[in-house]
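For the sequence shown, my numbering gives the first residue as 40, with consecutive numbering after it.
All C-beta atoms in this analysis are idealised placements derived from N, C-alpha and C, irrespective of residue type, glycine included.
Note that the structure is a prediction, hence the values are computed from the model and not measured.
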Amino acid sequence: MLTQIGQDIIASLSKPIAIESGTTGVGASIGASLWQTEMVPHTAIERETSNHAR
40 MLTQIGQDII
50 ASLSKPIAIE
60 SGTTGVGASI
70 GASLWQTEMV
80 PHTAIERETS
90 NHAR
């Protein structure tokens, strides 16, 4: 389902756009990740950052 939504968004953005002097196009990419932890992502990132700064 998420893959299809992403593909639909990219397909819509990739259609040619008419401008005064002709047409142009827009490129797009979409990235996603799954987070599997009890800790919210920003807290985990802050913890990792502070551990590496020591």
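In terms of DSSP beta bridges, what is residue i paired with?
{"i": "T63", "result": "I56"}
For residue i, which of helix, strand or coil comes out of DSSP?
{"i": "S51", "result": "helix"}
{"i": "G45", "result": "helix"}
{"i": "I84", "result": "helix"}
Rounded to the nearest angstrom, how far is the Cβ of residue i from that of residue j, given a contact under 8 Å?
{"i": "I84", "j": "I69", "result": "Not really, about 21 Å apart at Cβ, beyond 8 Å."}
{"i": "A71", "j": "L52", "result": "Going by Cβ atoms, the distance from A71 to L52 rounds to 16 Å, so no, they are not a contact pair."}
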